[in-house]
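Down below is the structure, laid out as structure tokens.
Chains as they are written, first to last, in the UniProt record's numbering: chain P, 1 to 307; chain S, 1 to 307.
Right, dumping it as structure tokens:
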């Protein structure tokens with residue numbers, strides 16, 4: 001008797017695919033049913049052993065499932081939830097893995113037979129790759145996972161989802177959807193926006209200059225290109241769905257950047273040195289919080305900050 | 001008979017220290033003399049085996065040296081060159097490892113007995129750590145090194161410095177100082193400026209928010225903190241010394257960022273999606289140019305782009 005007899009994975013890319021492998025390995029799931037629109041994706045998910053069955057219809061996918069995981073691009077989760085309705089049991093726990101929470105709560109809940117069984121979640125883990133081939137067991141190991149239940153959410157359902165992520169070796173935190181969206185705006189959304197932008201700035205350089213940028217990317221540009229290779233659909237949805245928090249943080253960043261621009265233009269070395277010294281201390285804070293680790297750069301990688 | 005009988009390392013931190021270890025291991029240097037102002041640095045360099053002798057006086061350090069490597073913060077290289085003068089032989093090759101080249105050429109050459117023996121260089125390698133303890137053999141392996149000789153530079157001297165870096169397993173390119181400074185402004189200087197700025201924006205958040213940023217840094221912020229932990233003195237000098245090229249690239253970036261801000265404010269998904277798709281292609285260009293490599297994120301690190 002597994003914790004979940006039948007799990008429906010709505011979407012089977014990097015996150016849901018990796019979760020499927022993790023649930024299987026941890027013995028948490030009986031049958032895993034993947035739901036994907038594309039026949040190619042379904043075939044590949046089966047080949048890769050991400051699921052036992054793969055179907056096209058959301059309603060068929062969720063039939064008899066006691067756990068449903070929404071893992072499609074955030075913008076279509078509401079629509080998928082609506083399409084699941086005919087097959088969905090009121091006892092089933094529904095969760096999601098989107099990087100934004102406020103909008104998902106608003107989009108998904110109206111379509112569920114039992115809103116209290118919806119446990120909004122966000123595993124803070126990923127790579128720049130997407131699709132079923134990007135999935136791997138262990139993606140969530142030593143990562144954080146944020147659950148954002150609302151007032152009516154069933155505490156027992158929250159507990160079961162928490163236990164699932166803890167089995168995946170994630171450390172689980174609980175906060176409100178609004179708080180989640182503010183925190184992620186600065187830790188994740190703004191960094192992605194900036195990386196996308198600078199890589200775009202380079203993309204607009206003349207061909208010859210561009211070739212050289214690739215050649216000398218180890219000078220610091222490499223990390224930005226990795227971040228800016230993340231899934232375009234998902235990130236478009238994230239920025240548009242978390243607009244207010246992203247614009248607020250972006251505004252603060254731009255004010256600071258203009259201050260730097262001014263200091264450089266007027267050759268003011270002291271404010272630059274003072275800032276660079278403060279930011280060095282922040283790195284220590286991050287390392288102590290266990291979100292980074294100190295290492296010598298590996299061959300082929302530079303650490304992103306060559307001199 | 002080694003290629004260099006006596007090497008004077010002017011400054012013995014991450015770069016010069018790592019070069020010293022590399023020269024020793026490759027059997028390229030006889031005696032290595034380190035020059036550092038601080039008694040603590042000199043003692044530590046000796047303890048770590050980065051040099052055979054450590055002295056305070058630049059003139060004493062370069063006596064009898066057939067190779068002199070300037071590895072101090074860029075802004076003081078001219079001053080160090082002037083102080084070396086009494087001890088420096090006209091046959092000695094002088095090179096440097098600064099991340100900027102135009103200014104170094106202007107600052108150093110007037111103080112040399114034989115300007116044609118100066119080979120300006122920039123190993124594009126490093127980590128966020130600095131000082132003698134950060135040095136390690138192999139830092140330059142599979143990295144690029146840029147040499148920027150000027151018209152009068154002695155071709156034989158350039159050849160010997162090229163051979164030295166190739167022994168360190170770096171791939172060597174030659175270009176003008178001006179061209180180097182333009183290319184590095186976008187591949188290295190602007191990315192560092194942006195990373196310093198966003199980490200500073202976070203540093204200004206209220207305490208409680210800051211703690212959470214550390215906790216969820218894996219969402220993309222981690223890479224920025226690593227870049228923004230780089231040596232403050234060196235980077236202040238870089239931005240002030242390469243001002244024009246940095247301001248030009250920063251201007252382009254800010255225009256693009258304002259475009260993103262506008263697209264988000266007005267919920268224009270298409271330009272965002274189109275940009276994010278183009279930037280994904282750039283990543284492939286960088287990987288093909290061999291400056292990055294595809295990997296699953298290691299435990300404790302996230303790859304900087306968790307969802």
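Cβ coordinates follow ideal geometry from the N, Cα and C atoms, glycine included.
Predicted model, so just to flag it, every value in this text is computed and none were measured.
Notebook entry, point to check: Based on Cα-Cα distance, which residue from P:100, P:71, P:107 and P:90 lies nearest to residue 82 of chain P?
Noted result: Along the first chain, read from residue 1 onward, the residue named residue 82 of chain P stands at position 82. Minimum Cα distance to residue 82 of chain P is reached at P:107.
Check: Of all the options S:100, S:66 and S:224, which has the alpha carbon lying nearest to the alpha carbon of residue 182 of chain S?
Finding: Residue mapping note: residue 182 of chain S aligns to position 182 of the second chain, counting from 1. Nearest of S:100, S:66 and S:224 to residue 182 of chain S, Cα basis: S:100.
Note to self: So, with DSSP's three-state summary, where would you put residue 249 of chain S?
What the structure shows: Taking the second chain and counting its residues from 1, the one referred to as residue 249 of chain S is at position 249. Residue 249 of chain S falls in the helix class under three-state DSSP.
Check: Going along the chain, which unbroken runs of the beta strand (DSSP E) with 3 or more residues stay wholly within the region 84-124 of chain S?
Finding: DSSP runs (the beta strand (DSSP E)) wholly in the region 84-124 of chain S: 93-96 and 121-124.
Next item on the list: For residue 193 of chain S, return the contacting residues in chain P, with the cut-off set at a CB-CB distance below 7 Å.
Entry: Taking the second chain and counting its residues from 1, the one referred to as residue 193 of chain S is at position 193. Per Cβ cutoff of 7 Å: 260.
Check: Is residue 10 of chain P near residue 17 of chain P, with beta carbons less than 9 Å apart?
Finding: Indexing the first chain from 1 puts residue 10 of chain P at position 10. Indexing the first chain from 1 puts residue 17 of chain P at position 17. Inclusion of residue 10 of chain P and residue 17 of chain P in the CB contact set at 9 Å is not warranted, their separation being larger than that value.
Check: Looking at the structure shown, is residue 9 of chain S part of a helix, part of a strand, or coil, going by DSSP?
Finding: Taking the first residue of the second chain as position 1, residue 9 of chain S is located at position 9. Three-state DSSP puts residue 9 of chain S in a strand.
Notebook entry, point to check: Just the Cα atoms here: how many angstroms apart are residue 264 of chain P and residue 273 of chain P?
Noted result: The residue you call residue 264 of chain P lines up with position 264 of the first chain. The residue you call residue 273 of chain P lines up with position 273 of the first chain. The straight-line gap from Cα to Cα measures roughly 11 Å.
Checklist line | residue 150 of chain P at chain S interface by Cβ criterion, 9 Å | finding: What you label residue 150 of chain P is simply residue 150 of the first chain in a count that begins at 1. Taking CB atoms only, residue 150 of chain P has no neighbour in chain S less than 9 Å away.
Notebook entry, point to check: So residue 144 of chain P is in the beta strand (DSSP E); what residue range does that whole segment cover?
Noted result: As a working note, residue 144 of chain P is residue 144 in the first chain. Element bounds for residue 144 of chain P: 144-147.
Note to self: Looking at chain P, is there any beta carbon in it that lies within less than 9 Å of the beta carbon of residue 79 of chain S?
What the structure shows: As a position in the second chain, residue 79 of chain S is number 79, starting the count at 1. It does not: the Cβ of residue 79 of chain S has no partner Cβ on chain P nearer than 9 Å.
Item checked: Within chain P, the residues that residue 232 of chain S reaches when beta carbons sit closer than 7 Å -> Here the question's residue 232 of chain S lines up with position 232 in the second chain. Those are 273, 276, 277 and 280, listed as they occur along chain P.
Checklist line | Cross-chain neighbours of residue 165 of chain P in chain S, by beta carbon under 8 Å | finding: Indexing the first chain from 1 puts residue 165 of chain P at position 165. Going along chain S, no residue has its Cβ under 8 Å from residue 165 of chain P, so there is no contact; the nearest lies around 14 Å.
Item checked: Contacting residues, own chain, Cβ-Cβ under 6 Å from residue 230 of chain P (five flanking each side not counted) -> As a working mapping, residue 230 of chain P is identified with position 230 in the first chain. 128.
Next item on the list: Indicate whether residue 223 of chain S and residue 224 of chain P have their beta-carbon atoms separated by less than 9 Å.
Entry: Locating residue 223 of chain S in the second chain gives position 223, counting from the first residue. Locating residue 224 of chain P in the first chain gives position 224, counting from the first residue. Yes.
Check: What three-state label does DSSP hand residue 4 of chain P in the structure shown?
Finding: The count along the first chain starts at 1 and reaches residue 4 of chain P at position 4. Residue state, collapsed to three classes: strand.
Next item on the list: For residue 98 of chain P, collect the residues of the same chain with a Cβ closer than 6 Å to its Cβ; drop the 5 residues on either side in sequence, then sort them by chain order.
Entry: Within the first chain, the letter at position 98 stands for residue 98 of chain P. Once the five neighbours on either side are set aside, the close Cβ partners of residue 98 of chain P are 74 and 104.
Item checked: Residues that residue 256 of chain P contacts on chain S, provided the C-beta gap is smaller than 7 Å -> The count along the first chain starts at 1 and reaches residue 256 of chain P at position 256. The answer, in chain order, is 197, 200 and 201.
Margin query: With H, G and I counted as helix, E and B as strand and the rest as coil, what does DSSP make of residue 78 of chain S?
Written below: Counting from one through the second chain, the residue named residue 78 of chain S turns up at place 78. The answer is helix: DSSP assigns residue 78 of chain S an H, G or I state.
Next item on the list: Answer yes if the region 113-124 of chain S comes into contact with the region 245-261 of chain S, meaning at least three C-beta pairs across the two stretches below 8 Å, and no otherwise.
Entry: With fewer than three CB-CB distances shorter than 8 Å, the region 245-261 of chain S does not count as touching the region 113-124 of chain S.
Check: Using a Cβ-Cβ distance under 9 Å, would residue 226 of chain S count as near chain P?
Finding: As a working mapping, residue 226 of chain S is identified with position 226 in the second chain. Yes, because at least one Cβ of chain P sits closer than 9 Å to the Cβ of residue 226 of chain S.
Check: Can you tell which of P:214, P:190, P:283 and P:90 has its C-alpha closest to the C-alpha of residue 154 of chain P?
Finding: Within the first chain, residue 154 of chain P is the residue found at index 154, counting from 1. Ranking P:214, P:190, P:283 and P:90 by Cα distance to residue 154 of chain P puts P:90 first.
Margin query: Looking only at its chain, what residues have a beta carbon closer than 8 Å to the beta carbon of residue 59 of chain P, apart from the 5 residues adjacent to it on each side?
Written below: On the first chain, position 59 is the one that residue 59 of chain P refers to. Excluding five sequence positions before and after residue 59 of chain P, the CB atoms of its chain that fall closer than 8 Å to its own CB belong to 83, 84, 85, 86, 87 and 88, given in chain order.
Note to self: List, from N- to C-terminal side, the alpha helix (DSSP H) runs of 4 residues or more that fit wholly inside the region 155-195 of chain P.
What the structure shows: 155-167 and 177-184
Check: What separation, rounded to the nearest whole angstrom, lies between the Cα atoms of residue 276 of chain S and residue 189 of chain P?
Finding: For the purposes of this step, residue 276 of chain S is identified with residue 276 of the second chain, where counting begins at 1. For the purposes of this step, residue 189 of chain P is identified with residue 189 of the first chain, where counting begins at 1. Residue 276 of chain S and residue 189 of chain P: Cα-Cα distance of roughly 13 Å.
Margin query: Check for me: the alpha helix (DSSP H) holding residue 283 of chain S runs from which residue to which?
Written below: Here residue 283 of chain S refers to the residue found at position 283 when the second chain is read from its first residue. First-last of the alpha helix (DSSP H) with residue 283 of chain S: 269-288.
Next item on the list: In angstroms with no decimal places, state the Cα-to-Cα distance between residue 177 of chain S and residue 184 of chain P.
Entry: For this step, residue 177 of chain S is matched to residue 177 along the second chain. For this step, residue 184 of chain P is matched to residue 184 along the first chain. Roughly 41 Å separates the two Cα atoms.
Next item on the list: Closer than 6 Å by C-beta to residue 80 of chain P: which residues in its own chain qualify, once you throw out the five before and the five after it? Chain order, please.
Entry: As a working mapping, residue 80 of chain P is identified with position 80 in the first chain. Cβ neighbours of residue 80 of chain P beyond the five flanking positions: 10, 58 and 72.
Notebook entry, point to check: Looking only at its own chain, which residues have a Cβ that is under 8 Å from the Cβ of residue 249 of chain P, when we skip the five neighbours before and after it?
Noted result: On the first chain, residue 249 of chain P is found 249 positions in, with the first residue counted as 1. Answer for residue 249 of chain P: 185, 186, 189 and 190, listed in chain order.
Next item on the list: Give the straight-line distance between the Cα atoms of residue 159 of chain S and residue 199 of chain S, rounded to the nearest whole angstrom.
Entry: Residue mapping note: residue 159 of chain S aligns to position 159 of the second chain, counting from 1. Residue mapping note: residue 199 of chain S aligns to position 199 of the second chain, counting from 1. The alpha-carbon atoms of residue 159 of chain S and residue 199 of chain S are separated by roughly 41 Å.
Notebook entry, point to check: Under a Cβ-count criterion, where at least 16 other Cβ atoms within 10 Å of its own Cβ denotes burial, should residue 201 of chain S be classed as buried or exposed?
Noted result: Within the second chain, the letter at position 201 stands for residue 201 of chain S. So residue 201 of chain S ends up on the buried side.
Check: What residues in its chain sit with their C-beta under 6 Å from that of residue 65 of chain P, if we drop five residues either side in the sequence?
Finding: Counted from its first residue, the first chain places residue 65 of chain P at position 65. Closer than 6 Å at Cβ, skipping near neighbours: 6, 8 and 92.
Checklist line | For residue 21 of chain P, three-class secondary structure by DSSP | finding: For the purposes of this step, residue 21 of chain P is taken as the residue at position 21 of the first chain. Residue state, collapsed to three classes: helix.
Note to self: Going by DSSP in three states, residue 53 of chain S sits in which element: helix, strand or coil?
What the structure shows: Along the second chain, read from residue 1 onward, the residue named residue 53 of chain S stands at position 53. DSSP places residue 53 of chain S in strand when its eight states are reduced to three.
Next item on the list: Note the first and the last residue of the continuous alpha helix (DSSP H) segment covering residue 150 of chain S.
Entry: Along the second chain, read from residue 1 onward, the residue named residue 150 of chain S stands at position 150. Counting along the chain, residue 150 of chain S falls outside any alpha helix (DSSP H), and DSSP gives it neither H nor E.
Notebook entry, point to check: Tell me the DSSP bridge mates of residue 67 of chain P?
Noted result: If you number the first chain from 1, residue 67 of chain P lands on position 67. BP columns for residue 67 of chain P point to P:7 and P:93.
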